[in-house]
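Protein chains in written order, with my numbering: chain A, 367 to 444; chain B, -12 to 402.
No residue lacks a Cβ here, since even glycine has one placed at the ideal position from N, Cα and C.
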Amino acid sequence: MTLEEKVINIIMEQLGVTREECVPEAAFIEDLGADSLDLVELIMEMEENFGITIADNELEKIRTIQDAIAFLKSKGVS
Amino acid sequence: MTNRRRVVITGLGAVTPVGNSAREAWENVCAGRSGIGPITRFDTTGHQTTIAGEVKNFDALAFVDKKWLRRLDLFIIYALAASDMAMADAALTGDTAGGDRAGTIIGSAIGGLSSMETAKEAFDRGGPRKISPFALPAALGNLAAGHVSIRYSLRGPINCTTTACSAGNHAIGDSYRIIAGGWADVMLAGGAEAAVTPLGIGGFNVMRAMSLRNDEPERASRPFDRDRDGFVISEGCGLVVLEEMNRALDRGARIYAEIVGYGSTADAFHLAAPPPGHAGAARCMREAIRDAGLRPEDIDYINAHGTSTPINDAYETAAVKDVFGEHSRKIAISSTKSMTGHMLGATGGVEAIFTAKAVEEGILPPTINLDNPDPECDLDYVPHRARRQEIRVALSSTFGFGGANAVIVLRKFVP
């Protein structure tokens, strides 16, 4: 499974959205209906799955699905 | 009280160990069926008690979507399910329930115990950052009422009674007063509980409060019987729609019964034990009857607290004799906990439903397992089999830890 697929699976599970909605530009809050608590849990799930730590000040960089994937790649996740 | 508005019950919703709707639960208690069995929810190794009244074959996804399933404690999911059924039964929706003039009080003895346990496990594994942001919102007792208010746009009074085993009755009684006094026209009220968890079982076991009759689950809850050895914990939710009478009549609602009185008293004595004699329970029943403007002789039926603990059932019987005197021989009393087990904070809600149905249909549910009545328990407990009998007025009693007593009075509805 590619990184993109893994990330989208987590998002589908956490936010209860369909694969079709998970386009790269989709923003978690505006497009996928997440609220602030959803985002916290989503980040925790990514930390758990990819064995990384995401600092609070890095969160603001992650607005869309492609942001999340780019961020994970920058952390060396593949 | 003069100028008190009349309040009627127009909707019933329940999730119980004896059925996942008010109708199914009522049919099963009238048939004398027990909902008690071995605990399946977790591994009971090391626990003294290994039986409980679990809710069975419950399809949570019929009431909440997948995303929310993991974020809500089971007691909240039960409450959402019961609220859907009660509102549908009352033929009310979020648009017609009353908005600013409608509210909800849903009691819970413990709230989201399982969610707390899960959060602590995560904390122990990985530290504070591993606690889910949904852990506390799932555990907070008032979030059953919170989620229900959101679903049905109930913007009037909201509360969560946490008076242990009396929580459901306090929710209904307080809601009754809110409508009677004019602060709202519709209230969705009752209790929800889901404490069949390792801490729930272990905690009550060390208090020596629960039955150890693990090899005969269906016979373990035996209120008023000589061989009773403690209560059987169970779970679920019972909610009733309370509505100002004229509003209900104007829209042609089905009316199950009228709620006409409420007693709410404290023992002010001990955290778990009743006071010497039987003053606490007796005073609460008297207060409820007085509040209804009735005399003890007017009461035909009592849905008892009847927990199956050695102390409660003798104590409650003595209190009934004290309040009703000679008339206590003529009152029919049953403990539906003999079949449902003890749903703690939910019990008042579910037993209000059974009491309303008893009044409406003129059928008394039985006390099962009453094979050898305790000599101290010598009243008419409707043993073994349901009975047809006209009921004009009934009490539903609950007595909780903390010395919290709540009794409600239901009357057959006559416009």
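Query - Rounded separation between L438/A and L425/A - CA only - result: Within the first sequence, residue 438/A is the residue found at index 72, counting from 1. Within the first sequence, residue 425/A is the residue found at index 59, counting from 1. One C-alpha to the other measures close to 12 Å.
Requested in this report: Return the residue from the list F62/B, V219/B, M194/B and R195/B that minimises the CA-CA distance to R206/B.
Outcome: Position 219 of the second sequence, counting from 1, holds the residue named residue 206/B. Of the candidates F62/B, V219/B, M194/B and R195/B, the one whose C-alpha sits nearest the C-alpha of R206/B is V219/B.
Requested in this report: Kindly list the residues whose CB is nearer than 6 Å to the CB of T148/B, restricted to its own chain and excluding five residues on each side of it in sequence; keep chain order.
Outcome: Within the second sequence, the letter at position 161 stands for residue 148/B. Listed in chain order, the non-local C-beta contacts of T148/B below 6 Å within the same chain comprise G94, A154, H157 and A158, local neighbours out to five positions each way being set aside.
Query - Under 7 Å (Cβ pairs) to chain B, residues found in the region 376 to 407 of chain A - result: Listed in sequence order: L381, G382, L403, V406 and E407.
Requested in this report: Grab the span of the alpha helix (DSSP H) containing R270/B for me, first residue to last.
Outcome: Along the second sequence, read from residue 1 onward, the residue named residue 270/B stands at position 283. Counted as a single uninterrupted DSSP element, the alpha helix (DSSP H) harbouring R270/B occupies residues A266 to D278.
Query - Distance, G387/B Cα to M194/B Cα - result: Position 207 of the second sequence, counting from 1, holds the residue named residue 194/B. Position 400 of the second sequence, counting from 1, holds the residue named residue 387/B. Inter-residue distance for M194/B and G387/B is about 14 Å (C-alpha atoms, whole angstroms).
Requested in this report: Could you name the residues of chain A that F121/B contacts, counting a contact when the two beta carbons are closer than 7 Å?
Outcome: If you number the second sequence from 1, residue 121/B lands on position 134. Those are L403 and E407, listed as they occur along chain A.
Report task. Quick one: list the residues of chain A neighbouring K54/B, beta-carbon separation under 8 Å, in chain order. Result -> By one-based count along the second sequence, residue 54/B stands at place 67. What K54/B touches in chain A: Q380, L381 and G382.
**Report entry** For I137/B and I(-4)/B, the rounded distance between their alpha carbons
**Finding:** Position 9 of the second sequence, counted from the start, is the residue given in the question as residue -4/B. Position 150 of the second sequence, counted from the start, is the residue given in the question as residue 137/B. Cα to Cα, the separation comes out at about 22 Å.
Requested in this report: Using only alpha-carbon positions, find the residue among I378/B, E348/B and G336/B that is nearest to S162/B.
Outcome: Within the second sequence, the letter at position 175 stands for residue 162/B. For S162/B, the nearest C-alpha among the options comes from G336/B.
Report task. Counting only runs of 3+ residues fully inside the region 133 to 205 of chain B, write out the beta strand (DSSP E) ranges in chain order. Result -> You should have 173 to 180.
**Report entry** Minimum C-alpha distance to S119/B - residue among N415/A, R429/A and D404/A
**Finding:** In the second sequence, residue 119/B corresponds to position 132, counting from 1. When each option's Cα is compared against that of S119/B, the closest is D404/A.
Query raised in the report: Using DSSP with H/G/I as helix, E/B as strand and the rest coil, what is V346/B?
Result: In the second sequence, counting from the first residue as 1, residue 346/B sits at position 359. V346/B falls in the helix class under three-state DSSP.
Report task. Return yes when the C-beta of D287/B is under 7 Å from any heavy atom of the ligand FMN, and no when it is not. Result -> Because no ligand of any kind appears in the structure shown, any question about the ligand FMN cannot be addressed here.
**Report entry** Residues of its chain near C224/B, where Cβ-Cβ distance is below 6 Å and the 5 sequence neighbours each way are ignored
**Finding:** Counted from its first residue, the second sequence places residue 224/B at position 237. A distance below 6 Å between beta-carbons, with the five flanking residues on each side excluded, links C224/B to the following residues of its chain, in chain order: V2, Y65, A66, A69, A179 and A333.
Requested in this report: Could you tell me the distance, in whole angstroms, from the CA atom of E396/A to the CA atom of V227/B?
Outcome: If you number the first sequence from 1, residue 396/A lands on position 30. If you number the second sequence from 1, residue 227/B lands on position 240. So the alpha carbons of these two residues sit roughly 38 Å apart.
Query raised in the report: Could you give the residue range of the alpha helix (DSSP H) that holds V310/B?
Result: Looking up residue 310/B in the second sequence gives position 323. From DSSP, the alpha helix (DSSP H) with V310/B extends over P297 to F311.
Query raised in the report: Sorted by chain position, which residues of the same chain lie with C-beta nearer than 6 Å to S295/B's C-beta, five sequence neighbours on each side aside?
Result: Here residue 295/B is taken as the residue at index 308 of the second sequence, counted from 1. Taking C-beta separations shorter than 6 Å and ignoring five residues to either side along the sequence, the partners of S295/B in its chain run S208, R209, P210, R215 and F218, following chain order.
Query raised in the report: Rounded to a whole number of angstroms, what is the C-alpha to C-alpha distance between T80/B and K117/B?
Result: Along the second sequence, read from residue 1 onward, the residue named residue 80/B stands at position 93. Along the second sequence, read from residue 1 onward, the residue named residue 117/B stands at position 130. When rounded, the distance between both Cα atoms is 39 Å.
Query raised in the report: To which residues of the same chain is G187/B closer than 8 Å at the C-beta, ignoring the five residues directly before and after it?
Result: Mapped onto the second sequence, residue 187/B falls at position 200. Counting only residues of its own chain and dropping the five nearest sequence neighbours on each side, G187/B has a CB closer than 8 Å to the CB of I97, L100 and I220.
Query raised in the report: Taking just the CA atoms, how far does E11/B sit from S321/B?
Result: Residue numbering aside, residue 321/B sits at position 334 when the second sequence is read from its first letter. Residue numbering aside, residue 11/B sits at position 24 when the second sequence is read from its first letter. Going from the Cα of S321/B to the Cα of E11/B covers about 19 Å.
Query raised in the report: How close, in whole Å, do the beta carbons of L397/B and A343/B come, if the pair is a contact with beta carbons under 8 Å?
Result: On the second sequence, position 410 is the one that residue 397/B refers to. On the second sequence, position 356 is the one that residue 343/B refers to. Between L397/B and A343/B, the beta carbon gap of about 6 Å places them in contact (Cβ cut-off 8 Å).
Query raised in the report: By Cβ distance below 7 Å, which residues in the same chain neighbour K427/A in space, the five residues on each side in sequence not counted?
Result: Stepping through the first sequence from its first residue, residue 427/A is reached at position 61. Excluding residues within five positions, the ones whose Cβ falls inside 7 Å are D433 and F437.
Report task. Determine, using beta-carbon pairs with one atom in the region 339 to 355 of chain B and one in the region 367 to 377 of chain B, whether at least three such pairs fall under 8 Å. Result -> Enough Cβ pairs lie closer than 8 Å, so yes.
Query raised in the report: Between the beta-carbon of A393/B and the beta-carbon of S251/B, is there less than 8 Å?
Result: The residue you call residue 393/B lines up with position 406 of the second sequence. The residue you call residue 251/B lines up with position 264 of the second sequence. With contacts defined by Cβ atoms closer than 8 Å, A393/B and S251/B form a contacting pair.
Query raised in the report: Who pairs with T385/B in a beta bridge, going by DSSP?
Result: Walking along the second sequence from the start, residue 385/B turns up at place 398. DSSP lists A393/B as the beta-bridge partner residues of T385/B.
Query raised in the report: Which whole-angstrom value is the C-beta distance of A244/B and E347/B, which I expect to be below 8 Å?
Result: Position 257 of the second sequence, counting from 1, holds the residue named residue 244/B. Position 360 of the second sequence, counting from 1, holds the residue named residue 347/B. Indeed they touch by this definition, with Cβ atoms about 6 Å apart.
**Report entry** Top-ranked residue by Cα proximity to R20/B, from S140/B, A391/B, K324/B and E303/B
**Finding:** The residue you call residue 20/B lines up with position 33 of the second sequence. Proximity to R20/B across S140/B, A391/B, K324/B and E303/B peaks at K324/B, based on C-alpha coordinates.
**Report entry** For P25/B: DSSP bridge partner residues
**Finding:** If you number the second sequence from 1, residue 25/B lands on position 38. DSSP lists I38/B as the beta-bridge partner residues of P25/B.
Query raised in the report: Cα separation between G239/B and A77/B?
Result: For the purposes of this step, residue 239/B is taken as the residue at position 252 of the second sequence. For the purposes of this step, residue 77/B is taken as the residue at position 90 of the second sequence. Rounded to whole angstroms, G239/B and A77/B show a C-alpha spacing of 10 Å.
Query raised in the report: Can you list, in chain order, the stretches of the alpha helix (DSSP H) that have 4 or more residues and sit fully within the region 58 to 112 of chain B?
Result: Whole alpha helix (DSSP H) segments, 4+ residues: 61 to 76.
Query - Burial state of H257/B, where buried means 16 or more other Cβ atoms lie within 10 Å - result: Against the second sequence, residue 257/B aligns to sequence position 270. Answer is exposed; the Cβ neighbour count stays below 16.
Query raised in the report: Just how far apart, CA to CA, sit F110/B and E414/A?
Result: The residue given as residue 110/B occupies position 123 in the second sequence. The residue given as residue 414/A occupies position 48 in the first sequence. Distance between F110/B and E414/A, taken at the CA atoms: about 14 Å.
Query raised in the report: Do H329/B and N192/B have their C-beta atoms closer together than 8 Å?
Result: Residue 329/B sits at position 342 when you count from the first residue of the second sequence. Residue 192/B sits at position 205 when you count from the first residue of the second sequence. No, these two residues do not count as a Cβ contact at 8 Å.
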